[in-house]
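Engineer: The structure's right below; bear with me while I get my questions together.
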Amino acid sequence: MSIFRQAWLLVAVLLAIVSIAWAEPVQSDTDHLDLLTINPNLQLRDVLDITFARNPAQARLQSLESVVAARKLVANALLPASPALIVAHQNGALASGRNEREWQAELELPVWQLNQRSNRLKVADATRTNVSATGASLKLQVAGLLRDALWDIAFNENNLSLATNRLELARELERDVEARFNAGEMAKTDVMLAQQETLRVQKEQLRAEAEVMHARHRYYLLTGLHELPGSYTELQSAVHDYSQSSIWLAAEAKLGLAETERNLVQIESRENLHLSLNMRRAQGAFDNLSNESVGLKVRIPFGEDARSAPIRAAAQLGVGDAVTELNTLRYALETLIHETEHNLTVSRAELVIANRRFDIARESARLAQKAFKLGETDLVSLLRVQSQTYEAERAFTTRKIQLQWDIARYNQVVGVLP
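So for the sequence shown, numbering that gives the first Met the number 0 puts the first residue at 0; every next one is plus one.
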């Protein structure tokens, strides 16, 4: 036995003794179980509808509906603003003592400006379009959260399955080593080394189980369901751009609304003309007879630049913000499409490599296990080969899940709902 191997076994024995001395019985936390059942009749689209309906942003969407109704009401009103009734009375009894009296009633009516009503209708329609686009955008965003939640569960459940299988293999190997030790075929150091490997794998399995519980709980908080759809794999969409994405369409609708609001502000930054109809009744000082008359008055505002300039500037700022948001989103979506397409290409290539590597690793593990039973190799070599096989299997199964996850992300970027 080489000096290096003797030193290695000594370190392994010491670590095993410490681990066994201080380790407490490891068991799953039965008070923290997030159980999800698979419902084969539950479709991914159904889960999306349920998740979208319970999203907190629904309250804002409902409030936006009242904004649409209010703007429709304003656009279809008979007058651009509220009319006013003015009543006046003049009496000279307290001033001159001549007892002159005058009564006047006046109705003030605002007058529509050129294209004011049509622009108000355009703003109301643009608001309706914006609200609809916002709702569709929110649903797509919820779909992205749902996709990530489901594939996160699949990813962690795969890790748990691998860790569980590896733990069973480690326990089986530990029993085999103990039996051969009792038969005098192996040393006590090999038993401790096998025990140490079992404890290490048991810790990994416990951690993998915890990650599964966390992923399931995140899914439950998002959907409110204790059920998973029977299948949530997707086919890659044939769409190659983001022009149909509801997130992009919502940004365009927001810009359209800002532009129509700016056009309306250009008109309404000037005050409306006011037409006043009045009736007057006057009675002289020493005359019981009264004079009655009807009058017409037009109020024409002017010199309003100081008042209207801030209003127009605010409207123009809204357009600028919407343009900035649209262009920023364009850059982000173009980047995401490039990255998701490239990730799909890489994932497919890596899957082929991982599959080949796993086939080789399985055959190597079979031969190593056979050699160990025949006494042709030692425990350290067997554990090293088993570790390589485990890593190869994890790389292969993880890459299969990652490919499906990448397809879901691609569909998300181009705006395709599940």
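Where is the CB? At the ideal position from N, CA and C, for every residue including glycine. Just so it is clear, the structure is predicted and the values come from calculations on it, not from any experiment.
#1: To the nearest angstrom, report how far apart L332 and H239 are at their CA atoms.
#2: Looking at the secondary structure, which residues open and close the beta strand (DSSP E) in which T376 lies?
#3: CA-CA distance, E203 and F154?
#4: Distance, Cα to Cα, Q403 vs Q387?
#5: Can you tell me whether DSSP reads W21 as helix, strand or coil?
#6: Which class does M278 belong to by DSSP, given the choice of helix, strand or coil?
#7: To the nearest angstrom, report how far apart R44 and S62 are at their CA atoms.
#8: Going by Cα to Cα distance, which pick from E258, N40 and S160 is closest to A207?
#9: In whole angstroms, give me the CA-to-CA distance for T197 and S346.
#10: In the DSSP output, what is S292 paired with across the bridge?
#11: Among residues of its own chain, excluding the 5 on either side of Q315, which ones have a beta-carbon nearer than 8 Å to its beta-carbon?
#12: Measuring only the C-alpha atoms, how far is T344 from T396?
#13: Is G134 near Y241, with beta carbons less than 8 Å apart?
#14: Please list, in chain order, all residues of the same chain as A367 whose beta carbon is under 8 Å from its beta carbon, the five residues on each side excluded.
#15: Just to confirm the assignment, what range does the alpha helix (DSSP H) spanning E64 have?
#16: Where does I299 sit, in a helix, a strand or coil, going by DSSP?
#17: Just reading off the alpha helix (DSSP H) that Q204 is part of, what are its end residues?
#18: Measure the Cβ-Cβ separation of R119 and A74 and say whether it is below 8 Å.
#19: Are the Cβ atoms of I266 and Q112 separated by less than 8 Å?
#20: Give me the Cα-Cα distance between M278 and A305, rounded to the nearest whole angstrom.
#21: Could you give the distance in angstroms between the alpha-carbon of R174 and the alpha-carbon of E349?
#22: Can you grab the Cα-Cα spacing for the pair R356 / A169, in whole Å?
#23: Going by beta carbon distance, what residues of the same chain come within less than 6 Å of E151, once the five residues before and after it are set aside?
#24: Nearest by alpha-carbon distance to S65: which of V86, S292, H88 and V130 is it?
#25: The beta strand (DSSP E) that contains R53, what's its start and end?
#26: Tell whether a beta-carbon distance below 8 Å holds between A123 and R70.
#27: With DSSP run on the structure shown, which of helix, strand or coil describes T29?
#28: According to DSSP, simplified to helix, strand and coil, what is P309?
#29: Compute the beta-carbon to beta-carbon distance between K253 and A321, rounded to the nearest angstrom, for a pair I have assumed lies under 8 Å.
#30: Mind reading off the beta-carbon distance from L108 to L78? Whole number of angstroms is fine, and I expect it under 8 Å.
#31: Rounded to a whole number of angstroms, what is the C-alpha to C-alpha distance between K372 and E390?
#32: Express the C-alpha separation of V176 and P228 in angstroms, rounding to a whole number.
#33: To the nearest angstrom, how far is the alpha carbon of L59 from that of E233?
#34: Please name the residue, chosen from Q103, A83, L106 and L139, that lies closest to N54 on a Cα-to-Cα basis.
#35: Just verifying my parser: in three-state terms, what is the DSSP assignment at A331?
#36: Relative to the alpha-carbon of L416, which residue among L276, K121 and V141 has its alpha-carbon at the smallest distance?
Structural biologist: Based on what the coordinates show:
#1: Along the sequence shown, one-based indexing puts residue 332 at 333. Along the sequence shown, one-based indexing puts residue 239 at 240. For L332 and H239, the distance between alpha carbons rounds to 11 Å.
#2: Here residue 376 refers to the residue found at position 377 when the sequence shown is read from its first residue. Per DSSP, T376 lies in no beta strand (DSSP E) segment and is marked neither H nor E.
#3: Taking the first residue of the sequence shown as position 1, residue 203 is located at position 204. Taking the first residue of the sequence shown as position 1, residue 154 is located at position 155. Looking at the two C-alpha atoms, the distance is approximately 15 Å.
#4: In the sequence shown, residue 403 corresponds to position 404, counting from 1. In the sequence shown, residue 387 corresponds to position 388, counting from 1. A straight-line Cα-Cα distance of about 25 Å links Q403 and Q387.
#5: Position 22 of the sequence shown, counting from 1, holds the residue named residue 21. No answer about W21 holds up, because its pLDDT of 39 lies below 50 and its placement is not dependable.
#6: Along the sequence shown, read from residue 1 onward, the residue named residue 278 stands at position 279. Collapsing the DSSP output to three states places M278 in a strand.
#7: For this step, residue 44 is matched to residue 45 along the sequence shown. For this step, residue 62 is matched to residue 63 along the sequence shown. The straight-line gap from Cα to Cα measures roughly 26 Å.
#8: For the purposes of this step, residue 207 is taken as residue 208 along the sequence shown, with counting starting at 1. Restricting attention to E258, N40 and S160, the CA atom closest to the CA of A207 is found in S160.
#9: For the purposes of this step, residue 197 is taken as the residue at position 198 of the sequence shown. For the purposes of this step, residue 346 is taken as the residue at position 347 of the sequence shown. About 33 Å.
#10: As a working mapping, residue 292 is identified with position 293 in the sequence shown. DSSP, once it has assigned bridges, lists R279 as partnering S292.
#11: Position 316 of the sequence shown, counted from the first residue, corresponds to residue 315. Contacts found: R261.
#12: To locate residue 344, count along the sequence shown from 1; it is residue 345. To locate residue 396, count along the sequence shown from 1; it is residue 397. The alpha-carbon atoms of T344 and T396 are separated by roughly 17 Å.
#13: Position 135 of the sequence shown, counted from the start, is the residue given in the question as residue 134. Position 242 of the sequence shown, counted from the start, is the residue given in the question as residue 241. With contacts defined as CB atoms closer than 8 Å, G134 and Y241 fail to qualify as a contacting pair.
#14: Walking along the sequence shown from the start, residue 367 turns up at place 368. Contacts found: T376, S380, L381, V384 and Q385.
#15: For the purposes of this step, residue 64 is taken as residue 65 along the sequence shown, with counting starting at 1. From DSSP, the alpha helix (DSSP H) with E64 extends over Q57 to A74.
#16: If you number the sequence shown from 1, residue 299 lands on position 300. Correct three-state label for I299: coil.
#17: Position 205 of the sequence shown, counting from 1, holds the residue named residue 204. Taken as a continuous stretch (DSSP letters only), the alpha helix (DSSP H) holding Q204 covers K187 to T222.
#18: Your numbering for residue 119 matches position 120 in the sequence shown. Your numbering for residue 74 matches position 75 in the sequence shown. Contact flag set, yes.
#19: Here residue 266 corresponds to residue number 267 of the sequence shown, with the count starting at 1. Here residue 112 corresponds to residue number 113 of the sequence shown, with the count starting at 1. In terms of Cβ geometry, I266 and Q112 form a close pair [threshold 8 Å].
#20: Locating residue 278 in the sequence shown gives position 279, where the first residue counts as 1. Locating residue 305 in the sequence shown gives position 306, where the first residue counts as 1. About 35 Å.
#21: Translated into the one-based positions of the sequence shown, residue 174 becomes position 175. Translated into the one-based positions of the sequence shown, residue 349 becomes position 350. Distance between the alpha carbons of R174 and E349: 37 Å.
#22: Counting from 1 along the sequence shown, the entry for residue 356 is found at position 357. Counting from 1 along the sequence shown, the entry for residue 169 is found at position 170. Our two residues, R356 and A169, have alpha carbons roughly 22 Å apart in a direct line.
#23: Position 152 of the sequence shown, counted from the first residue, corresponds to residue 151. Per the sequence shown, the amino acid found at residue 151 is Asp instead of Glu. If we look at D151 and ignore the five residues flanking it on each side, its Cβ neighbours are A214.
#24: Taking the sequence shown and counting its residues from 1, one reaches residue 65 at position 66. Among V86, S292, H88 and V130, the Cα nearest to that of S65 is on V130.
#25: If you number the sequence shown from 1, residue 53 lands on position 54. No beta strand (DSSP E) contains R53, which DSSP labels as neither H nor E.
#26: For the purposes of this step, residue 123 is identified with residue 124 of the sequence shown, where counting begins at 1. For the purposes of this step, residue 70 is identified with residue 71 of the sequence shown, where counting begins at 1. Taking 8 Å as the Cβ cut-off, A123 and R70 qualify as a contacting pair.
#27: Position 30 of the sequence shown, counting from 1, holds the residue named residue 29. Summary for T29: the model assigns pLDDT 43, below 50, so the residue's position carries little reliability; its value from the coordinates is reported in the next sentence. Looking at T29 - three-state DSSP - the assignment turns out to be coil, as it is neither helix nor strand.
#28: On the sequence shown, residue 309 is found 310 positions in, with the first residue counted as 1. The three-state secondary structure of P309, taken from DSSP, is helix.
#29: Here residue 253 refers to the residue found at position 254 when the sequence shown is read from its first residue. Here residue 321 refers to the residue found at position 322 when the sequence shown is read from its first residue. Their Cβ separation, rounded to whole angstroms, is 5 Å, which keeps K253 and A321 in contact under 8 Å.
#30: Indexing the sequence shown from 1 puts residue 108 at position 109. Indexing the sequence shown from 1 puts residue 78 at position 79. Correct: roughly 6 Å between the Cβ atoms.
#31: Stepping through the sequence shown from its first residue, residue 372 is reached at position 373. Stepping through the sequence shown from its first residue, residue 390 is reached at position 391. For K372 and E390, the distance between alpha carbons rounds to 23 Å.
#32: The residue given as residue 228 occupies position 229 in the sequence shown. The residue given as residue 176 occupies position 177 in the sequence shown. Rounded to the nearest whole angstrom, the C-alpha separation of P228 and V176 is 43 Å.
#33: On the sequence shown, residue 59 is found 60 positions in, with the first residue counted as 1. On the sequence shown, residue 233 is found 234 positions in, with the first residue counted as 1. The sequence shown places Arg at residue 59, not Leu. Whole-angstrom Cα-Cα distance: 31 Å.
#34: Here residue 54 corresponds to residue number 55 of the sequence shown, with the count starting at 1. Ranking Q103, A83, L106 and L139 by Cα distance to N54 puts L139 first.
#35: Residue numbering aside, residue 331 sits at position 332 when the sequence shown is read from its first letter. Of the three classes helix, strand and coil, the one that applies to A331 here is helix, per DSSP.
#36: Translated into positions along the sequence shown, residue 416 becomes position 417. Here the closest residue by C-alpha is V141.
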